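K.L.:
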Amino acid sequence: MLASSESTLAAHPARQGPRILTIGAGSQGHAYAEPITRLHLGSVVAVCEPIPFKRSEFGQRYIWGTHCSPLPYEEFEDWKDFIAYETTRRERVKAGEIKEGDEEFKGVDAVFVTVLDEMHIHVIKALAPLGLHIMCEKPLATSLDDCIDILGT
């Protein structure tokens, strides 16, 4: 739960700008989400985080607020869960089952990757086929071979 002195930034979502998924709700995830939300440069609309407390705290602060529960498409325990969700969502849009513009079925435009350094390559390579804008914290990868592998994606 948020401390009483902390305000939630989720109460004032951006009207314009990219819809952003944050993968990793640690200090770096907060470091990117806070100014984006505070300055209304975009909307943080989903979070992937395996630790329930961190996921909840991040979501309350930037996505669903302190008085609401998260919707199924706003939180994911694992980044692989998001990949599966997004793949299925796109298939349903293509099949005409749902409309892209419907609020509950909107996708994301960009992803902040703020997971452990050694996981960067796996997350980036899984996201790349989706065609999303990807911002990965430094280092991009932990070896030159992994950097070259990402370049080829």
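In terms of this note's numbering, the sequence shown is residues 6 to 158.
Ideal Cβ placement from N, Cα and C applies to all residues, glycine included.
On a predicted model such as this, the values are computed, not experimentally measured, just so you know.
#1: For the alpha helix (DSSP H) containing VAL113, list its first residue and its last residue.
#2: Which residue or residues does DSSP assign as beta-bridge partners of LEU26?
#3: Relative to the alpha-carbon of ALA89, which residue among ASP151, HIS72 and VAL128 has its alpha-carbon at the smallest distance?
#4: For PRO23 versus ALA115, is the C-beta spacing smaller than 9 angstroms?
#5: Closest by CA to TYR67, which one among THR158, LYS104 and GLY34?
#6: Assign THR27 to buried or exposed, taking buried as 16 or more other Cβ atoms, counted over all protein chains shown, within 10 Å of its Cβ.
#7: Return the bridge partner residues of CYS141 from the DSSP annotation.
#8: How many angstroms separate the CA atom of CYS141 from the CA atom of GLU109?
#9: Compute the distance between the beta-carbons of VAL98 and LYS104, then report whether it is under 9 angstroms.
#10: Can you give the beta carbon distance from VAL50 to GLU79, rounded, assuming they're within the 8 angstroms contact cut?
#11: Is it right to say LEU149 is buried, meaning 16 or more other beta carbons lie within 10 angstroms of its own, or is it exposed?
#12: Go through its chain and collect everything with a Cβ distance to GLY64's Cβ below 7 angstroms, but skip five positions before and after it.
#13: By DSSP, does GLU79 sit in helix, in strand, or in coil?
#14: Taking the continuous alpha helix (DSSP H) assigned at THR71, which residues delimit it?
#15: Locate the alpha helix (DSSP H) running through PRO40, then write down its first and last residues.
P.N.:
Put simply:
#1: First-last for VAL113: undefined, no H or E at that position.
#2: ALA51 and VAL116
#3: VAL128
#4: yes
#5: GLY34
#6: buried
#7: VAL118
#8: 26 angstroms
#9: yes
#10: 7 angstroms
#11: exposed
#12: VAL52, PRO75, GLU79 and GLU80
#13: coil
#14: Taken as a continuous stretch (DSSP letters only), THR71 belongs to no alpha helix (DSSP H), as it is neither H nor E.
#15: 32–43
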